[in-house]
Structure formats: structure tokens, C-alpha cells
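Asker: Can you read through this structure? Questions will come right after.
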Amino acid sequence: MHLVIGGAYQGKLEYAKEKFNIKDEDVFTCTESGDLPQGSKCLYRLELFTLSCVRRGIDPCGAFSDIGAWSGCVIICEDIFCGVVPLDPLAREWREATGRLLNKLSPEACSVTRIFCGIPQKLK
């Protein structure tokens, strides 16, 4: 598994496509209402999956209980856990759930890369 994180509009998907030879049809874009298909080559917008889980009262880490099933996947997540703490309790819970999920995935990932202004920074 490879984890790519960074702020909005920083070039995360473009980086992942080039670095890991991912085609458009290999990308599964998460939504606020869906689940994750195992076996995906690339999960994009993981933060929307965590938002869906928070709204449904589900722990998003449960989707990754069989971490080996995601070993060949590139996971892309927007950095929503920096900056001013939101006033809205749901937004705070979403932010925390996303951070906890990434804390679970990072140690298991082969690589963790932060994209800032289109520049990759290798964290792991």
C-alpha cells in the first residue's frame, strides 16, 4: 500500500498516476454515501469515505481490518486535519476520524508521501 496525502488542489492524484502508473479507470473516487471496493488499484478522496462513516456512526478503520487486502492499493487522502479547529462537532469528529484512519494506515504503508504545491515530500 502507498499513501499519498496533501492539501486540496496540490496535485496528489496527478502524482499518484505518474508515480504508480495508474490509469483513469483504475481510480475509485470515494463519495459521502458509498463503501470501498476491495481490490481497487487506487482509492481517491479517502476523506469523503471517512465523512460517510462518521455520518453513519461507523468507525472507518473497520473497512481496513484486513489490511493485507489493500497491499497493492494507492490511497489518496486530502489533509483536513491541519488549521483552525472547526466549530461544528460533526466536522471535528470527521477530522479526528480521518486522522485516526491515517494513523492506522501509515505504519502499514510501503511509502507515505505528502504533496505540497505539486512537490512530493517522502515521509516514509
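Residue numbers for the sequence shown follow our numbering, beginning at 2 and rising by one. All C-beta atoms, glycine included, are put in the ideal place defined by N, C-alpha and C. Here the structure is a predicted model, which is why all the values come from computation and not from measurement.
(1) Using the beta-carbon count (16 or more within 10 Å), is Lys13 buried or exposed?
(2) Exposed or buried, which one is Glu109 when buried takes at least 16 other CB atoms within 10 Å?
(3) For Gly58, count neighbouring C-beta atoms within 10 Å of its own C-beta (all shown protein chains included) and say buried if the count is 16 or more, exposed if not.
(4) List in chain order: all unbroken beta strand (DSSP E) runs of 3+ residues lying wholly within the region 73–102.
(5) By Cβ distance, which residues of its chain are closer than 6 Å to Arg46, with the 5 residues on each side in sequence left out?
Answerer: To lay it out plainly:
(1) buried
(2) exposed
(3) exposed
(4) 75–79
(5) Only Thr30 and Cys31 meet the Cβ criterion.
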